[in-house]
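Colleague: What follows is a single structure, and I will ask about it in a moment.
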Amino acid sequence: MFAFFLGWGDARAVGPVVFALLSAGCGPSAGPYGGGEATGGAAGMGGAGAGSVAEGGSSPTDDGGSSSSGAPFDPQPERCDNGIDDDGNGLTDCADPACTEGYRCLPAAPKGWDGPKVMHLDDDLSVACPSTWPDLALRAGAGELDAPPAECAACDCDEPADAYCSEFTYETYQGPSCDGPWGLKTKVNGIGCIYWTKPGAIKITHTKSNASCGASGGAPTVTSAQFEQEATICSAAPLGGGCDLDAGVCVPKVDSAAWPLHCISRTGDKACPSGAYSERHLLHEAFDDTRDCTGCVCEPTGLGACAVPITEGGCNQSVKSLVTSGTCVDASNFVGGIAVVPNKATVPGVGCAVSQAAQPNGEAKPKLPVTVCCLPLT
Numbered sequence: 476m477f478a479f480f481l482g483w484g485d486a487r488a489v490g491p492v493v494f495a496l497l498s499a500g501c502g503p504s505a506g507p508y509g510g511g512e513a514t515g516g517a518a519g520m521g522g523a524g525a526g527s528v529a530e531g532g533s534s535p536t537d538d539g540g541s542s543s544s545g546a547p548f549d550p551q552p553e554r555c556d557n558g559i560d561d562d563g564n565g566l567t568d569c570a571d572p573a574c575t576e577g578y579r580c581l582p583a584a585p586k587g588w589d590g591p592k593v594m595h596l597d598d599d600l601s602v603a604c605p606s607t608w609p610d611l612a613l614r615a616g617a618g619e620l621d622a623p624p625a626e627c628a629a630c631d632c633d634e635p636a637d638a639y640c641s642e643f644t645y646e647t648y649q650g651p652s653c654d655g656p657w658g659l660k661t662k663v664n665g666i667g668c669i670y671w672t673k674p675g676a677i678k679i680t681h682t683k684s685n686a687s688c689g690a691s692g693g694a695p696t697v698t699s700a701q702f703e704q705e706a707t708i709c710s711a712a713p714l715g716g717g718c719d720l721d722a723g724v725c726v727p728k729v730d731s732a733a734w735p736l737h738c739i740s741r742t743g744d745k746a747c748p749s750g751a752y753s754e755r756h757l758l759h760e761a762f763d764d765t766r767d768c769t770g771c772v773c774e775p776t777g778l779g780a781c782a783v784p785i786t787e788g789g790c791n792q793s794v795k796s797l798v799t800s801g802t803c804v805d806a807s808n809f810v811g812g813i814a815v816v817p818n819k820a821t822v823p824g825v826g827c828a829v830s831q832a833a834q835p836n837g838e839a840k841p842k843l844p845v846t847v848c849c850l851p852l853t
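The numbering of the sequence shown is my numbering, which starts it at 476 and goes up by one.
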């Protein structure tokens with residue numbers, strides 16, 4: 476404001492005073508990009524132009540700042556499973572050194588096959604998938620199925636019911652006795668009336684009794700069927716790229732001691748495809764188990780004491796006598812012939828015994844096959 480009281484000629488002399496006042500009290504003490512003595516603030520006709528840089532400061536376009544003309548490339552850490560060059564170094568997934576420590580290349584699964592996957596084989600189905608291959612793809616049995624036959628309990632027989640004399644043999648002779656050399660012998664088996672018109676003698680022999688014999692016991696004891704080994708198969712998704720292998724994929728590394736097998740799989744009992752995955756394992760997801768025991772069988776034993784009714788003159792006549800087994804009857808004085816009429820009258824002395832013990836039958840058969848083909852271990 477002092478310049479308004481001075482002439483133009485004197486203005487040059489006091490100019491530095493005005494600028495000093497402006498710098499000390501009215502102007503900024505330092506520029507926005509750094510401190511230092513100002514050399515180019517507002518100027519007169521012969522001064523420095525507006526907007527000149529303060530000594531010791533920095534410009535908006537210095538390397539240490541960001542330009543207002545556009546955003547710079549913002550690289551991200553390289554992911555190894557997405558097929559993208561995340562960090563902008565021109566290398567993707569397994570081809571990038573950032574993936575060397577935790578990833579490796581494997582051949583891709585051929586058409587119709589799933590994988591690659593990792594497989595653990597032992598007798599433990601509780602194995603958890605590794606953190607780098609976290610998805611459980613399959614638990615199944617490997618090798619032969621160990622399934623011993625059922626063990627069958629002993630059989631027991633019930634007490635006989637409705638026991639009767641069921642079978643006889645009759646021998647007829649021409650003479651009045653059963654030991655003469657002249658006799659004509661006839662054998663007849665079975666139940667029912669048998670009639671002879673003019674026999675000399677008859678010998679009756681009881682050969683079999685029958686009864687109802689219930690059976691019990693024979694229950695099966697079946698041990699659990701078990702495969703030789705149990706397979707746990709785990710997968711990882713997604714799979715990356717950047718591999719030199721033909722159609723290779725970038726996969727996470729895994730503890731080779733616990734998970735030594737890298738494999739592909741397919742439902743059914745198949746041959747391995749041509750190529751790297753040549754070590755074949757046939758797994759089964761389940762099995763059918765029909766192991767059991769046959770039933771017990773009991774049959775009557777002993778003949779018991781049978782007495783056979785004999786009639787004179789025909790089958791429908793009244794009983795003349797009861798003849799025990801092995802007795803010889805003189806029939807020469809029977810008027811009108813003789814009839815033997817065995818019946819199903821209850822006979823004492825018959826028992827029941829096991830004629831057929833319970834036998835193991837059936838088997839355990841694997842089902843739902845899965846073919847797994849792995850890279851051979853080196």
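Virtual Cβ for every residue (Gly too), placed ideally from N, Cα, C.
Buried or exposed for residue 611, going by 16 or more other Cβ atoms inside 10 Å?
Modeller: One-based indexing of the sequence shown puts residue 611 at position 136. Answer is exposed; the Cβ neighbour count stays below 16.
Colleague: When DSSP labels each residue in this structure, what does residue 589 get in the three-state scheme?
Modeller: Numbered from 1 along the sequence shown, position 114 holds the residue referred to as residue 589. Residue 589: strand per DSSP, three-state reduction.
Colleague: Can you confirm whether the stretch 786-798 touches the stretch 641-655 when touching is taken to mean that 3 or more C-beta pairs between the two stretches lie within less than 8 Å?
Modeller: Taking 8 Å as the limit for Cβ pairs, the verdict is that the stretch 786-798 does not touch the stretch 641-655.
Colleague: Who are the Cβ neighbours of residue 681 in its own chain at under 7 Å, not counting the five residues just before and after it?
Modeller: Here residue 681 is taken as the residue at index 206 of the sequence shown, counted from 1. Around residue 681: 640, 643, 778, 781 and 800.
Colleague: On a Cα-Cα basis, can you pick out the residue from 593, 559 and 576 that is closest to residue 731?
Modeller: In the sequence shown, counting from the first residue as 1, residue 731 sits at position 256. Comparing Cα-Cα distances from residue 731 to each of 593, 559 and 576, the minimum goes to 593.
Colleague: Below 8 Å on the Cβ atoms is my guess for residue 831 versus residue 772; work out the distance and round it to an integer in Å.
Modeller: Here residue 831 is taken as the residue at index 356 of the sequence shown, counted from 1. Here residue 772 is taken as the residue at index 297 of the sequence shown, counted from 1. About 4 Å separates the two Cβ atoms, so the contact holds.
Colleague: Considering only the beta carbon of each residue, do residue 718 and residue 574 sit closer than 8 Å?
Modeller: Taking the first residue of the sequence shown as 1, we reach residue 718 at position 243. Taking the first residue of the sequence shown as 1, we reach residue 574 at position 99. Contact: no.
Colleague: Whole beta strand (DSSP E) runs in the stretch 780-806 with 3 or more residues, listed along the chain?
Modeller: Taking only runs of at least 3 residues, the beta strand (DSSP E) segments lying wholly in the stretch 780-806 are 782-787, 794-799 and 802-805.
Colleague: Have a look at residue 581 and residue 692 and give me their C-alpha separation to the nearest angstrom.
Modeller: Looking up residue 581 in the sequence shown gives position 106. Looking up residue 692 in the sequence shown gives position 217. Approximately 60 Å, taken between the alpha carbons.
Colleague: I'd like to check one pair, residue 849 with residue 756: are the Cβ atoms closer than 8 Å?
Modeller: For the purposes of this step, residue 756 is taken as residue 281 along the sequence shown, with counting starting at 1. For the purposes of this step, residue 849 is taken as residue 374 along the sequence shown, with counting starting at 1. Yes. Within cutoff.
Colleague: Look at the alpha carbon of residue 785 and the alpha carbon of residue 812, and state the distance between them as a whole number of angstroms.
Modeller: For the purposes of this step, residue 785 is taken as residue 310 along the sequence shown, with counting starting at 1. For the purposes of this step, residue 812 is taken as residue 337 along the sequence shown, with counting starting at 1. So the alpha carbons of these two residues sit roughly 11 Å apart.
Colleague: Counting pairs of beta carbons, one from the stretch 614-629 and one from the stretch 690-707, are three or more of them closer than 8 Å?
Modeller: Touching, yes, given that three or more Cβ pairs across the two stretches are closer than 8 Å.
Colleague: Alpha carbon to alpha carbon, what distance is there between residue 735 and residue 577?
Modeller: The count along the sequence shown starts at 1 and reaches residue 577 at position 102. The count along the sequence shown starts at 1 and reaches residue 735 at position 260. About 16 Å.
Colleague: Measure the C-alpha to C-alpha separation of residue 828 and residue 633 and round it to an integer number of angstroms.
Modeller: Locating residue 828 in the sequence shown gives position 353, counting from the first residue. Locating residue 633 in the sequence shown gives position 158, counting from the first residue. When rounded, the distance between both Cα atoms is 9 Å.
Colleague: Output the distance between the C-alpha atoms of residue 599 and residue 550, rounded to the nearest integer angstrom.
Modeller: Sequence index remark: in the sequence shown, residue 599 carries index 124 (1-based). Sequence index remark: in the sequence shown, residue 550 carries index 75 (1-based). Spanning the two alpha carbons is a distance of roughly 45 Å.
Colleague: What does the alpha-carbon distance come out to for the pair residue 648 and residue 766?
Modeller: On the sequence shown, residue 648 is found 173 positions in, with the first residue counted as 1. On the sequence shown, residue 766 is found 291 positions in, with the first residue counted as 1. Approximately 58 Å, taken between the alpha carbons.
Colleague: Is it buried or exposed for residue 825, if we count other Cβ within 10 angstroms and need 16 for buried?
Modeller: For the purposes of this step, residue 825 is taken as residue 350 along the sequence shown, with counting starting at 1. Residue 825 is buried by the Cβ-count criterion.
Colleague: Between which residues of its own chain and residue 553 is the CB-CB distance below 7 Å, once the five residues before and five after are set aside?
Modeller: For the purposes of this step, residue 553 is taken as the residue at position 78 of the sequence shown. Closer than 7 Å at Cβ, skipping near neighbours: 561, 562, 571, 573 and 574.
Colleague: Let me confirm a value: residue 823 is counted as buried when at least 16 other C-beta atoms fall within 10 Å, else exposed. Which label applies?
Modeller: As a position in the sequence shown, residue 823 is number 348, starting the count at 1. Per the 10 Å Cβ criterion, exposed.
Colleague: State the Cα-Cα distance for the pair residue 706 and residue 595, rounded to the nearest angstrom.
Modeller: Within the sequence shown, the letter at position 231 stands for residue 706. Within the sequence shown, the letter at position 120 stands for residue 595. C-alpha separation (whole angstroms): 6 Å.
Colleague: Report the option in 733, 836, 847 and 840 whose CA atom is closest to the CA atom of residue 619.
Modeller: By 1-based counting over the sequence shown, the position of residue 619 is 144. Among 733, 836, 847 and 840, the Cα nearest to that of residue 619 is on 840.
Colleague: Give me the Cα-Cα distance between residue 715 and residue 559, rounded to the nearest whole angstrom.
Modeller: The count along the sequence shown starts at 1 and reaches residue 715 at position 240. The count along the sequence shown starts at 1 and reaches residue 559 at position 84. The alpha-carbon atoms of residue 715 and residue 559 are separated by roughly 9 Å.
Colleague: Could you give the distance in angstroms between the alpha-carbon of residue 768 and the alpha-carbon of residue 836?
Modeller: Position 293 of the sequence shown, counted from the start, is the residue given in the question as residue 768. Position 361 of the sequence shown, counted from the start, is the residue given in the question as residue 836. Cα-Cα distance, rounded: 6 Å.
Colleague: One question on the structure: do residue 589 and residue 740 come within less than 8 Å of each other, judged by their Cβ atoms?
Modeller: Here residue 589 is taken as the residue at index 114 of the sequence shown, counted from 1. Here residue 740 is taken as the residue at index 265 of the sequence shown, counted from 1. Yes, Cβ-Cβ distance for residue 589 and residue 740 is below 8 Å.
Colleague: To the nearest angstrom, how far is it from the Cα of residue 770 to the Cα of residue 690?
Modeller: Position 295 of the sequence shown holds residue 770. Position 215 of the sequence shown holds residue 690. The straight-line gap from Cα to Cα measures roughly 8 Å.
Colleague: How big is the Cα-Cα spacing for residue 761 and residue 617?
Modeller: For the purposes of this step, residue 761 is taken as residue 286 along the sequence shown, with counting starting at 1. For the purposes of this step, residue 617 is taken as residue 142 along the sequence shown, with counting starting at 1. The straight-line gap from Cα to Cα measures roughly 11 Å.
Colleague: Smallest Cα separation from residue 763: which of 667, 852, 679 and 843?
Modeller: Taking the sequence shown and counting its residues from 1, one reaches residue 763 at position 288. When each option's Cα is compared against that of residue 763, the closest is 843.
Colleague: If the criterion is Cβ atoms closer than 8 Å, does the pair residue 814 and residue 670 meet it?
Modeller: Position 339 of the sequence shown, counting from 1, holds the residue named residue 814. Position 195 of the sequence shown, counting from 1, holds the residue named residue 670. It is a contact, given that the beta carbons lie within the stated cut-off.
Colleague: Going by other Cβ atoms of all chains shown within 10 Å of its Cβ, with 16 needed for buried, is residue 672 buried or exposed?
Modeller: Stepping through the sequence shown from its first residue, residue 672 is reached at position 197. Its Cβ having fewer than 16 others within 10 Å, residue 672 is exposed.
Colleague: What span of residues does the beta strand (DSSP E) with residue 642 cover, start to end?
Modeller: The sequence position of residue 642 within the sequence shown is 167, counting from 1. 636-648 is the extent of the beta strand (DSSP E) around residue 642.
Colleague: Can you list, in chain order, the residues of its chain with a C-beta nearer than 6 Å to that of residue 621? Leave out the 5 residues immediately preceding and following it.
Modeller: As a working mapping, residue 621 is identified with position 146 in the sequence shown. Same-chain partners within the cutoff: 701.
Colleague: Between which two residues does the beta strand (DSSP E) harbouring residue 685 extend?
Modeller: Counting from 1 along the sequence shown, the entry for residue 685 is found at position 210. From DSSP, the beta strand (DSSP E) with residue 685 extends over 676-687.
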